[in-house]
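Numbering (the numbering used here), first residue to last: 235 to 737.
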Amino acid sequence: MATTPYWISSASITPFPRLDRDERADVAIVGGGITGLTAAYLLQRAGKSVVVLERARCAEVDTGHTTAHLTMVTDLHLVELEKNFGRDHAQATWDAGLAAIAQIESIVRDERIDCDFAWVPGYLHAPMGARGDGAVKDLRQEALLATELGFDATYVDGVPLVGGPGVRFDSQARFHPRRYLQTLARVINERGGRIYEHTAAEEFSSDPLWVKANGRTVACKDIVLATHTPLVGIRNIASATLFQTKLALYTSYAVAGWATSGEIPDALFWDTADSYHYLRIARDAGRTLVIYGGEDHKTGQVEDTSACFERLEQTLTGLIPGIEIASRWSGQVIETHDGLPYIGMSADHQFCGTGFSGNGMTFGTLSAMMACDAILGRSNPWAALFDMGRTKIRGGLWDYVKENADYPYYLIRDRFAGADGKSLREVPAGAGRVIDYKGRKAAAFRDSAGVITVRSAVCTHMGCLVAWNDAEKTWDCPCHGSRFKTNGQVIAGPAESPLDEIS
């Protein structure tokens with residue numbers, strides 16, 4: 235059976251040349267996967283010149299062997315995050331993941347990328363076939379804490395498709411990573427960025443700063459190491475060697491098959507087993523591909539790796555009878571000693587990201603965002619949390635949301651946070667509420683006669699979520715001050731268009 239990942243077999247990226255001349259750029263980016271190409275795109279958009287060096291083909295190695303879940307839900311459960319790091323840091327970790335998904339959505343929209351991106355729910359559930367009695371308490375606690383921190387989470391007795399108890403998390407997503415990066419690579423190239431494949435970084439210099447590959451030199455002002463397993467670069471060899479002891483490499487397996495009948499929920503699934511299993515779907519020409527993964531083990535420590543695939547296939551065919559298994563592949567994930575990724579400056583003018591665990595697409599994108607902030611000299615809410623040289627973090631007196639209120643993510647966070655209610659019945663007479671309605675955030679107002687007016691709660695200026703002003707009986711935008719009547723008409727800008735109707 236084919237061991238080429240579905241992503242690689244279903245999408246090609248235009249080949250780029252080998253580096254065969256000396257180059258100069260503001261930023262040299264080593265690695266052409268999700269982190270490297272996203273960093274190149276964001277930095278280029280911010281006015282920086284970029285050179286990307288990829289030792290093989292872009293989006294083919296680690297990025298090409300993912301299952302491409304897009305979720306803020308970390309491998310380390312939220313309750314454990316709070317216990318280990320404090321409540322603010324737990325929220326910050328999940329916010330970081332949600333911000334990364336929002337960044338991907340923004341790029342998909344701005345560049346009109348056809349990559350099967352969609353917001354879908356995610357389910358954390360008890361292992362299939364287990365009674366789940368002992369997991370109910372833990373799952374309820376996870377849902378409660380997530381809700382308290384502003385995330386859309388609901389405990390459910392029966393998870394779709396897999397059954398058993400679980401937690402539903404809204405505002406997760408899925409996409410086709412190669413089709414996404416196919417467009418990013420093209421856009422970077424068309425806008426003057428230089429991408430070189432079959433070009434392995436061989437040597438680094440800090441004074442002056444340069445990277446050598448294929449015997450050629452790329453002079454630069456900053457370096458981004460986007461290689462999954464970090465290179466030493468210009469870092470001290472002793473400290474780089476010590477840092478490697480904080481990382482553990484695991485092999486994870488995936489099988490994929492075409493569902494021939496039945497309705498498969500469009501969602502992400504992962505269980506509470508150790509190691510855990512995960513499932514998602516992909517849409518392709520009207521067909522449904524189901525991707526199921528797990529069986530993780532430390533790389534090189536299992537001899538019969540074929541048995542890992544066989545166990546996954548057995549479970550998947552039992553879950554979805556008649557499924558046509560089409561491909562199987564494996565990839566690597568990197569775990570850290572405390573469950574959080576390492577993202578930040580590993581040396582002066584050298585940025586690095588690693589230790590993404592099962593959230594490579596999310597934390598890889600986040601690394602690119604943080605690299606862009608660092609190189610541009612901008613503050614970032616998660617810099618201390620994911621710092622390369624951190625010691626164990628505790629809660630302290632950090633007023634996380636207040637201190638980072640001006641960061642772009644926090645201007646739109648309410649779009650992804652819990653609404654005031656779930657039903658029109660919860661809107662009292664003479665008042666307004668932001669609720670979940672027909673799969674959207676809605677601004678619902680009930681007049682004294684009981685008549686309901688429903689409009690989109692998304693401000694038409696910059697996409698923030700409006701809030702109800704009970705004193706003035708208006709919908710007010712907390713980001714830039716736009717105000718709207720109960721029927722959605724503009725009272726004051728900067729918004730120029732009324733709140734959208736919801737049909």
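Where a beta carbon is used, it is the ideal one built from N, C-alpha and C, also for glycine.
Neighbourhood of residue i by C-beta, 6 angstroms cutoff - its chain only, sequence neighbours within 5 removed
i	result
S283	A259, D260
M362	V396
D309	S591, G592
A418	Here residue 418 is Leu; the residue named in the question, Ala, does not match the sequence. Correct list, in chain order: L271, Y275.
E730	none
N703	D710
P239	G298, H299, W563
R680	V661, A663, I686
T720	F679, T687
R291	E431
H462	D296
Residues near residue i in its chain [Cβ-Cβ closer than 8 angstroms; skip 5 each side]
i	result
P411	W241, I268, A293, T297, G298, T300, A302, C349, M595
Y641	S613, N614, P615
A726	G715, S716, R717
A608	G578, M579, F585, N614, A617
C713	L645, I646, C693, H695, M696, C698
G573	T308, D309, L310, E314, L315, N318, S591
Close Cβ partners of residue i (< 7 angstroms) along its chain, the five nearest in sequence each way excluded
i	result
D256	R450, T451
K672	I736
A678	L658, V661, G666, R667, I669, Y671, I686, V688
A326	P615, W616, L619, Y634
N448	R252, L253, D254, T433
L465	V264, A435, L459
G684	A663
R674	S690, I736
A541	none
H311	E376
Beta-carbon spacing of residue i, residue j below 7 angstroms
i	j	result
R428	V264	no
I487	S564	Before going further, note that residue 487 is Tyr rather than Ile in the sequence given. Closer than 7 angstroms, so yes.
S440	I471	no
A387	A377	yes
I646	H323	no
I557	G589	no
E431	F597	no
P399	L373	yes
H733	F718	Before going on, a small fix: residue 733 reads as Leu here, not His. A contact, by the Cβ cut-off of 7 angstroms.
A490	A560	yes
T599	T533	no
A705	A691	no
D508	H359	no
L379	V313	yes
W492	R514	no
S716	H695	yes
Q535	R425	no
Q416	A245	yes
Q375	L483	no
P499	P575	no
S601	G623	no
Expected contact under 8 angstroms - CB spacing of residue i and residue j to nearest Å
i	j	result
F503	Y389	Rounded, the Cβ-Cβ distance is 16 angstroms, inconsistent with contact.
T305	G281	Going by Cβ atoms, the distance from T305 to G281 rounds to 32 angstroms, so no, they are not a contact pair.
R289	T494	With 8 angstroms as the limit, R289 and T494 do not qualify as a contact, their Cβ atoms being about 40 angstroms apart.
V445	A262	5 angstroms
D456	F351	D456 to F351, Cβ: 30 angstroms. No contact.
G527	H511	7 angstroms
T625	K480	T625 to K480, Cβ: 11 angstroms. No contact.
H583	L443	6 angstroms
D329	Y643	7 angstroms
F403	F385	7 angstroms
Check: Does the region 576-584 come within contact of the region 606-619, defined as at least 3 CB pairs closer than 8 angstroms?
Finding: yes
Next item on the list: State whether the region 335-350 contacts the region 536-550, with contact taken as three or more CB pairs (one from each stretch) at a distance under 8 angstroms.
Entry: no
Checklist line | Segments of 3+ residues assigned as beta strand (DSSP E) that fall wholly inside the region 413-452 | finding: 428-430, 435-440, 443-447
Next item on the list: Give, in chain order, every unbroken run of the alpha helix (DSSP H) that is at least 4 residues long and sits entirely within the region 348-408.
Entry: 369-382
Check: At what residue ranges does the region 478-523 contain a whole run of the beta strand (DSSP E), taking only runs of 3 or more?
Finding: 481-492, 502-505, 512-518
Item checked: Any beta strand (DSSP E) of 3 or more consecutive residues that is wholly inside the region 275-350 -> 284-287
Next item on the list: Tell me the start and end of each unbroken beta strand (DSSP E) in the region 571-655 that is at least 3 residues and wholly inside, in chain order.
Entry: 576-581, 584-588
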